[in-house]
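Engineer: Taking our numbering, the leading residue of the sequence shown gets 106, the next gets one more, and so forth.
Below is the structure I would like to discuss, written out as structure tokens.
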Amino acid sequence: MANNFSPTSSLPVKFIRPGIKAFIVRDGKILVVKEKVKRFGKETIIYDLPGGGIDPGENLHDALHREVMEEVGLKIEIGKSVGNWDFVIPSFEDPNFSVHIICMGYQCKLLGEQMIDIDKNPAKLEDIFGTVWMSKAEILALEYDVFAHNLNVRKALEAVEI
């Protein structure tokens, strides 16, 4: 089965994008965002972790704090690094090219009681329409997303301490 999250692609890579993701743990579960993304004009729903791109000159922790606040409106405490992974996906802007995404994941926890707010994302490059707290087993059972098709993401998930 072909998918957009494989570590290889038949399209030439146009650029490399560094990224950072948060494995936010609460009550034995991890926060997952649900996104609507367009690939070649077709809308697809994926499950992902809060996080995103690292801006030039931005340090890793600042990037993760910013991305989590933008996507889900939460303040977090960043813990240990749980792994890194990469994948190649079709470019959002140009269907003739791919983007090589290189991600780092960190275990995180919430700073106090907070409400998730998915309306804070100013860029709206991704369309996050929901969040869900999931166990590791529930995440690993997902069929079509970044978790299901990337061994290193699964290894990072396994390194998260619940």
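All C-beta atoms in this analysis are idealised placements derived from N, C-alpha and C, irrespective of residue type, glycine included.
Fair warning: this is a prediction, and the values are worked out from it, not measured in the lab.
Under 6 Å Cβ to Cβ from Ala261, same chain only, skipping five residues before and after it: list those, please.
Structural biologist: Val187, Gly188, Gly210
Engineer: Tell me, to the nearest whole angstrom, how far the beta carbon of Gly124 is from that of Ile159; I am working on the premise that it is less than 8 Å.
Structural biologist: 6 Å
Engineer: Excluding sequence positions up to five away, which residues of its chain have a Cβ less than 6 Å from the Cβ of Ser240?
Structural biologist: Lys134
Engineer: Using a Cβ-Cβ cutoff of less than 8 Å, which residues in the same chain neighbour Lys214 once the five nearest sequence positions on both sides are dropped?
Structural biologist: Ile129, Val130, Arg131, Ile181, Glu182, Gly184
Engineer: Around the Cβ of Asn255, are there at least 16 other Cβ atoms within 10 angstroms (buried) or fewer (exposed)?
Structural biologist: Buried, because 16 or more other Cβ atoms sit within 10 Å of the Cβ of Asn255.
Engineer: Express the C-alpha separation of Val204 and Phe192 in angstroms, rounding to a whole number.
Structural biologist: 8 Å
Engineer: What first and last residue would you give for the alpha helix (DSSP H) that runs through Leu215?
Structural biologist: Per DSSP, Leu215 belongs to no alpha helix (DSSP H); it is in the beta strand (DSSP E), 203 to 215.
Engineer: From Gly162 to Pro195, what does the alpha carbon distance come to, in whole angstroms?
Structural biologist: Pro195 has its alpha-carbon roughly 25 Å from the corresponding atom of Gly162.
Engineer: Once DSSP output is grouped into helix, strand and coil, what is the label at Asp55?
Structural biologist: A query on residue 55 cannot be resolved here, the shown segment of the chain reaching from 106 to 267 and no further.
Engineer: Excluding sequence positions up to five away, which residues of its chain have a Cβ less than 6 Å from the Cβ of Val222?
Structural biologist: The sequence given here places Asp at residue 222; Val does not occur at that position. Excluding residues within five positions, the ones whose Cβ falls inside 6 Å are Gly178.
Engineer: How is Asn189 classed by DSSP in three states: helix, strand or coil?
Structural biologist: strand
Engineer: Answer with buried or exposed for Gln212, where buried requires no fewer than 16 other C-beta atoms within 10 angstroms of its C-beta.
Structural biologist: buried
Engineer: Bridge partners of Glu182, per DSSP?
Structural biologist: Lys214
Engineer: By the 10 Å Cβ neighbour count, where 16 or more other Cβ atoms means buried, how is Gly156 classified, buried or exposed?
Structural biologist: buried
Engineer: Going by DSSP in three states, Leu165 sits in which element: helix, strand or coil?
Structural biologist: helix
Engineer: Closer than 6 Å by C-beta to Ile207: which residues in its own chain qualify, once you throw out the five before and the five after it? Chain order, please.
Structural biologist: Pro123, Asp191
Engineer: Looking only at its own chain, which residues have a Cβ that is under 6 Å from the Cβ of Val265, when we skip the five neighbours before and after it?
Structural biologist: Phe128, Val187, Gln212
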